[in-house]
Every structure is written in structure tokens, then in C-alpha cells.
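Number 648 in the UniProt record's numbering belongs to position 218 of the sequence shown; there are no gaps in the numbering. Don't be surprised by glycine CBs; every beta carbon is placed ideally from N, CA and C. Structure first, then comments.
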Amino acid sequence: RAKDLGKDNYVIYSQSIMKCPNKSTFFDKDVRRALTNNEFRVDFQPRIDVKTNKMVSAEALIRWEHPERGLVLPGEFIPFAEESGLIVDIGDWVIRYVCEQIRHWQVQSIPVVPVSINISPKSFLKRNWSIGVMQILQDTGVSPNLLEFEITERIIMQNEKIVYDSIKDFKERGITFSLDDFGTGYASITYLKQFQFEYVKIDRSLIQNIHLDSQDAALTKAIIELAHGLRMKVVAEGIETVEQFQILQSFQCDEVQGYLYSKPLKTEQFESFMSKGIH
Ligand code: C2E
Ligand code: MG
Ligand code: MG
Ligand code: MG
């Protein structure tokens, strides 16, 4: 790591960052261009009810079809967009995109499922952001019941009144909330009680070894019981094997999402997934 190598090496490190074309100011321009040129798209990953084995909702996951670099995954650009604040514009773009897609399915009589969208803490901190969101819902005629917001505990750790009020307001209007990436950060058990999310999503890093590591299994089981005790449902993320599914089923996990059922799908593939009867 640069910090272990001392000051001189740090200088070399930062110079190499400056040479990299898709960082800093250039990157901001790049994102702005991507937003106006429609270089982003949204894929949908099905979420499956453990009891019925049917798709009950889907997560919207952004993708960037970069003109020079090809497909860019969110892990590569979301952290930078968070830093620059452009994540708020990206988030608004995703909400509108998803709502227009839902509207389109409804017009075509394609059976729709609720869609969850990952929302940055920065959006909640923006004044009057909720008014803009409700405007998108009104413009597209989409019911708030069809939207779920996935937020991470970073958001509630900020402990800002504006965030708390905004979540409460959205919930009253019918938008569902889930706590994403649970099990990766600081265990915010008291926040679970305070916010009354409908869902807790257990992160893939905890799920991936439950069939191999009895401690990970014990933690997962405890989280599921805790969430149920607080009247929340549990989604296990990133399940890839039948063994993982069976363990989660025995723990009474409510829903699963992962490559075992489906990778995130492009719109057309997702539509055929919906009409294949898995729905
Ligand atoms: P996340 O919200 O926890 O999303 C789940 C991630 O796990 C997705 O990665 C998904 O493709 C991946 N995944 C699902 N099942 C499996 C599996 O069985 N195996 C493996 N190896 N991976 C699986 P993705 O699409 O690359 O997104 C990464 C993260 O980027 C997301 O994590 C989310 O935090 C963020 N993100 C994605 N789209 C958006 C967006 O529209 N807005 C914001 N603010 N963040 C987004
Ligand atoms: Mg998510
Ligand atoms: Mg997650
Ligand atoms: Mg995650």
C-alpha cells in the first residue's frame, strides 16, 4: 500500500492516477455526457420467494455502456460519483428510467413486479429531493407500491433529521425500504428497530460460505431470527448453489437473489423471465 511505502512513493502513486484518463475532473464530464447521451442502462435481477419459488420482485442495477471502454460495472464508477456528488443525478436518472420501464410494461400488459433501486445517502440529504421523486411517479403514473428503495446503514449512521424525515415521508406514501448489504459494516441493530425497514438484505460476503463455514451459518441464522423478531423480511444476496439455498430455507429466509436463479438481466431477457411462468 502507498502509505506503507512512504512519502516519495505516494507522489509517484498520485502521478499515475493523474495519467489515468477516467478519473477526477474528466470523469465528471464523462458522467454528465453519459447521462445526456443515454450511455447508462439498467439491468434487472430477479428476487425469488423461498416458499413459492416464484419471482416476487427485482433489483435495478445500473450499467454503463462506455463508448471507449465497453461495459463498465457500478463498482468502478459509483464510488467516484459518490465523491463528486453526481450520484444524485445518476440516482434520479435510474428512478425515472425504472418508472418509465414499469409504465411501459403496464401499457403492454406485461405482469410487473415491484422494483428495488439502490439510493445513495447523498440523495436523501438533498433538499426537496422527495418532491422530485414524487414528481417522477406522477409523470409516469407508477404506484409507489411498485418501488422499493435499498439503502445502506451508512445513510442512517449520519443520523440526520432530514434523512429520517425523508424516509418516514416516503414510507407513508407507500414506498418500501430495505437495508442493503447487512452484515458488512457496523452492526446497527438499534437502527433496525428505529427505522422499521420492510426488508433486510444479507450481503453476499456473509452468504457465500454458509455451506462451508458454520460460523457464517450461525451469524446468518441469528440475523434472520433477529429480523423476524422485529417483523422484517430477509433477503439473502448472491446465492449461487443449491446447498446455500437449502440452508437458507431451513433458516426460514424469506427471499433469495443470486446467480443460482438468475444474473442481472437486460430488459428483454427480464421480460421473457417474467413471462416464462417463473413469475
Ligand atoms: P448491491 O446493491 O448489493 O447489488 C448486488 C450486487 O451483487 C450486484 O452487483 C449483483 O450483480 C451482484 N450479484 C447478485 N447475485 C450474485 C451472485 O450470485 N454472485 C455474485 N458474484 N454476484 C452477485 P453490481 O450490479 O455490480 O452492483 C454492485 C453495487 O453497485 C450494488 O451492490 C450497489 O451497491 C451499487 N449499485 C448498482 N446499481 C446502482 C444504482 O443504480 N445506484 C446506486 N447508488 N448504486 C448502485
Ligand atoms: Mg442493492
Ligand atoms: Mg446488497
Ligand atoms: Mg452488496
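Asked                                                                                                                                                                    : Found
Counting only the same chain and skipping the five closest in sequence on each side, list residues whose C-beta sits under 7 Å from that of Y594.                        : none
What are the partner residues of I547, as DSSP defines its beta bridges?                                                                                                 : A490, F579
Which value, in whole angstroms, describes the spacing of the CA atoms of E628 and V502?                                                                                 : 31 Å
Let me know if E655 comes out buried or exposed under the rule of 16 or more other beta-carbons within 10 Å of its beta-carbon.                                          : exposed
Ligand 2: which residues have Cβ under 5 Å from any of its heavy atoms, chain order?                                                                                     : N548, E580, D610
Tell whether a beta-carbon distance below 7 Å holds between T482 and C529.                                                                                               : no
Return the CA-CA distance between V686 and I677, expressed in angstroms with no decimal places.                                                                          : 12 Å
Excluding the 5 residues preceding and the 5 following K449 in the sequence, name in chain order all residues of the same chain whose CB lies nearer than 8 Å to its CB. : Model confidence at K449 stands at a pLDDT of 45, short of 50, so the residue's coordinates are unreliable and nothing is read from them.
In whole angstroms, give me the CA-to-CA distance for residue 711 and S514.                                                                                              : Only positions 431 to 709 of the chain appear in the structure, and residue 711 is not among them; the question remains open.
Any chance you could list the beta strand (DSSP E) runs of at least 3 consecutive residues sitting entirely within the stretch 514 to 568, in chain order?               : 545 to 548
Just to confirm my understanding: we take I581, look at its own chain, exclude 5 residues before and 5 after, and list those with CB closer than 6 Å. What are they?     : I549
Regarding K663 and ligand 3, is the C-beta to nearest heavy atom distance less than 6 Å?                                                                                 : no
With a threshold of 8 Å on Cβ separation, who are the neighbours of L690 within its own chain once the five nearest residues in sequence on each side are excluded?      : I669, E670, T671, V672, Q674, F675
When the Cα of R557 is compared with those of V572, S596, S539, P574, which residue comes out closest?                                                                   : S596
Run the proximity test for G500: is its beta-carbon closer than 6 Å to any non-hydrogen atom belonging to ligand 1?                                                      : no
Considering only C-alpha positions, which residue in the set A511, P476, G500 is nearest to S702?                                                                        : P476
By alpha-carbon positions, which one of K693, K651, Q699 ends up nearest to S680?                                                                                        : K651
Tell me where the alpha helix (DSSP H) around I619 begins and ends.                                                                                                      : 619 to 625
Could you tell me the distance, in whole angstroms, from the CA atom of N575 to the CA atom of G505?                                                                     : 28 Å
Considering only the alpha carbon of each residue, which of V486, E578, I586, T620 lies closest to K601?                                                                 : E578
If you reduce the DSSP assignment to three classes, tell me which class K598 lands in.                                                                                   : helix
Going by CA-CA distance only, name the one from I632, D458, L622, F700 that's closest to E512.                                                                           : D458
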